[in-house]
Each structure stands twice: as C-alpha cells, then as structure tokens.
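Chemist:
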Amino acid sequence: MAEKILIVDDEKEMRHLLKLCLEQNEYDIDEACSGDEALDKLLYNTYDLVLLDIMMPTVDGFEVLKKIRQDLEEDIPVVLLTALGDTEKVVKGLNLGGDDYIVKPFEPKELVARIASILRRVSNKRIKKECFTIHDLVFYPDHIRVTYQDRVLPLTKKEFHLLLRLANNPGRVFSREQLLVLEWGHHFDGDTRTVDAHIKNIREKLKQVNFQKSVIETVWGIGYKMVEEDSS
Numbered sequence: 717m718a719e720k721i722l723i724v725d726d727e728k729e730m731r732h733l734l735k736l737c738l739e740q741n742e743y744d745i746d747e748a749c750s751g752d753e754a755l756d757k758l759l760y761n762t763y764d765l766v767l768l769d770i771m772m773p774t775v776d777g778f779e780v781l782k783k784i785r786q787d788l789e790e791d792i793p794v795v796l797l798t799a800l801g802d803t804e805k806v807v808k809g810l811n812l813g814g815d816d817y818i819v820k821p822f823e824p825k826e827l828v829a830r831i832a833s834i835l836r837r838v839s840n841k842r843i844k845k846e847c848f849t850i851h852d853l854v855f856y857p858d859h860i861r862v863t864y865q866d867r868v869l870p871l872t873k874k875e876f877h878l879l880l881r882l883a884n885n886p887g888r889v890f891s892r893e894q895l896l897v898l899e900w901g902h903h904f905d906g907d908t909r910t911v912d913a914h915i916k917n918i919r920e921k922l923k924q925v926n927f928q929k930s931v932i933e934t935v936w937g938i939g940y941k942m943v944e945e946d947s948s
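Going by our numbering, the letters in the sequence shown line up with residues 717 to 948, in that order.
1) From the DSSP output, in three-state form, read off residue 939 for me.
2) Taking buried to mean at least 16 other C-beta atoms within 10 Å of its own C-beta, is residue 914 buried or exposed?
3) Which partner residues of residue 933 appear in the DSSP bridge assignment?
4) Just the Cα atoms here: how many angstroms apart are residue 846 and residue 765?
5) Looking at residue 826: is its Cβ nearer than 9 Å to the Cβ of residue 886?
6) Put residue 798 into one of helix, strand or coil per three-state DSSP.
7) Going along the chain, which residues of its own chain have a beta-carbon closer than 7 Å to the beta-carbon of residue 897, five neighbours each way excluded?
8) Going along the chain, which residues of its own chain have a beta-carbon closer than 6 Å to the beta-carbon of residue 927, five neighbours each way excluded?
9) Does the beta-carbon of residue 786 have 16 or more other beta-carbons within 10 angstroms, so that it is buried, or is it exposed?
10) Give every residue of the same chain whose Cβ lies closer than 7 Å to the Cβ of residue 877, excluding the five residues on either side of it in the sequence, and list them in chain order.
11) Is the stretch 738-758 touching the stretch 767-787 in the sense that three or more CB pairs, one from each, lie closer than 8 Å?
12) Quick check on the DSSP output: the alpha helix (DSSP H) that includes residue 760 runs from which residue to which?
13) Given a cut-off of 9 Å on the beta-carbon distance, is the pair residue 781 and residue 813 in contact?
14) If residue 744 sits next to residue 719, beta carbons under 8 Å apart, how far is it from one beta carbon to the other, in whole angstroms?
15) Have a look at 853, 794, 908 and flag the residue whose alpha-carbon is nearest the alpha-carbon of residue 884.
16) Measure the alpha-carbon distance for residue 747 versus residue 937 and round it to whole angstroms.
17) I need the straight-line Cα distance from residue 889 to residue 939, nearest angstrom please.
18) Where does residue 812 fall in DSSP's three states?
19) Strictly by DSSP, which residues pair up with residue 867?
20) Per DSSP, residue 720 is paired with what?
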C-alpha cells in the first residue's frame, strides 16, 4: 500500500507541483489549503507524513505543528516548507517538533529523497517496535493481538483496532463521532451507538481474562479515553 502524504499549503500552484512530483513516485496524496482544513483532515484521517507550509494566513504552520505534536497523531513525521533565507523560522519549526525542512523553490529529486529517507526511518522504528505494553496489557499490532498475563483477549479485529487507537493515545479524549469515522470510515451507515457497543464488548472481554482495572474511561457527553498510566 502506498504511503499517504498530506500537503498543506495555501498556494494552489505549489500544492499542484508537490502533488505531481510525489504522485510520480507512487505516493498517495491528500491536500489542505489552510491550517484549519489540515487540522480537520488530520483529526479524521491517518497519514504517513505531512508536508507543511510554515507561512499561511490565520492558522499558520507553527500552530498546526503544535496541534499535531500535542493533540493529534503523536509521532507522524512533519516536513516543513519554507522560503529561502527563513533560517529563524526553520529553527523554530524544528524546535516545535518538525522532522526536516524543504526550501522553496525546491529541487524535486531532493524533496523525494528527503521524504523517502524519513519514511524509511519511521518504517524501521515500527518494525523494531513489535509490541508495547500499557496497564499490563501487551499489544502486538502486527498480529492484531492483545494479551494479559499471557492470556489472549478474544477481540474481533474491529475491537482490537478501537482498543489500539485508545492505547496509542493515553489521556486523549476521542468523541464517539471521531472514533466512528476513524475506525469505520466516513461512509459507514450507522451511528455512534456502534462505538458504545464495541466499547462495552471490549470491557467485557477484559473481564474474561481477569483484567480488573478500569482503563477505558467514559467521558460523559463526549466519548472515551484510555486512562494514563501512573508514573509514580
């Protein structure tokens, strides 16, 4: 499956040029013409990398980057697009969590090489991270499996991905609507009771393996979150 990249730039011609360059290298491209549109797309879609213009009206690239690092996908790579000579802005962007930068006007070969390099690094990290643990639950994403004290939770594929979504973002509140779109897609012909039913099933299956902790918290009127682990 082709890696999916979000291009965020208020200049239509620049977006078109970037899209053309990347599609020729078999990347799947989505576009946003403003910071607000980018944040909306990031909320309801999953991307492998974001190409982010720093200087945009209203919500600039810095604000988008802050939101990505603080509230949205925790480790999605972000490549900053900047004008020649904007050294201070580049430094600020990198300090906020940017992974790399490209100076406009850009050399297509350099752009593709930088993006390929970043995606390789990310892919290698994911391969090395075969499993992770939270609240004594061990997640094996590649095998769609969760265990507790060596007992496998009898989760369906959809239940697994819903629980994984929460476990990857401890403390973050997801609305029912967000979870419905993220896990079932925009075109799912159902309502938010589907999410409630799946959460109920997950909780019951946790009890089946004698997991006693209450780690999926209902945020009344909004949705659900995975309780953060006690660091003490």
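C-beta atoms are modelled at their ideal positions from N, C-alpha and C, and glycine is treated no differently.
Treat the numbers as computed from the prediction; the structure is a model and nothing was measured.
Modeler: Looking at the atomic coordinates:
1) Along the sequence shown, one-based indexing puts residue 939 at 223. Three-state result, residue 939: strand.
2) For this step, residue 914 is matched to residue 198 along the sequence shown. It is buried - the Cβ of residue 914 has at least 16 other Cβ atoms within 10 Å.
3) Within the sequence shown, the letter at position 217 stands for residue 933. The partner list for residue 933 (beta bridge, DSSP) reads 941.
4) For this step, residue 846 is matched to residue 130 along the sequence shown. For this step, residue 765 is matched to residue 49 along the sequence shown. Cα to Cα, residue 846 sits roughly 21 Å from residue 765.
5) Here the question's residue 826 lines up with position 110 in the sequence shown. Here the question's residue 886 lines up with position 170 in the sequence shown. No, Cβ-Cβ distance for residue 826 and residue 886 is not below 9 Å.
6) Position 82 of the sequence shown, counted from the first residue, corresponds to residue 798. The answer is strand: DSSP assigns residue 798 an E or B state.
7) Position 181 of the sequence shown, counted from the start, is the residue given in the question as residue 897. Same-chain partners within the cutoff: 760.
8) As a working note, residue 927 is residue 211 in the sequence shown. Hits under 6 Å: 864.
9) Taking the sequence shown and counting its residues from 1, the one referred to as residue 786 is at position 70. Its Cβ having fewer than 16 others within 10 Å, residue 786 is exposed.
10) The residue labelled residue 877 in the question sits at position 161 within the sequence shown. Taken in chain order, the residues that qualify are 899.
11) yes
12) Numbered from 1 along the sequence shown, position 44 holds the residue referred to as residue 760. Its alpha helix (DSSP H) spans residues 751-760.
13) The sequence position of residue 781 within the sequence shown is 65, counting from 1. The sequence position of residue 813 within the sequence shown is 97, counting from 1. For residue 781 and residue 813, yes; Cβs fall inside 9 Å.
14) For this step, residue 744 is matched to residue 28 along the sequence shown. For this step, residue 719 is matched to residue 3 along the sequence shown. That pair is a contact at about 7 Å.
15) Counting from 1 along the sequence shown, the entry for residue 884 is found at position 168. Ranking 853, 794, 908 by Cα distance to residue 884 puts 853 first.
16) Position 31 of the sequence shown, counted from the start, is the residue given in the question as residue 747. Position 221 of the sequence shown, counted from the start, is the residue given in the question as residue 937. Cα-Cα distance, rounded: 32 Å.
17) Locating residue 889 in the sequence shown gives position 173, counting from the first residue. Locating residue 939 in the sequence shown gives position 223, counting from the first residue. About 7 Å.
18) Stepping through the sequence shown from its first residue, residue 812 is reached at position 96. It is coil, neither helix nor strand.
19) Position 151 of the sequence shown, counted from the start, is the residue given in the question as residue 867. Its beta-bridge partners are 864.
20) In the sequence shown, the residue the question calls residue 720 occupies position 4. Partner(s): 744.
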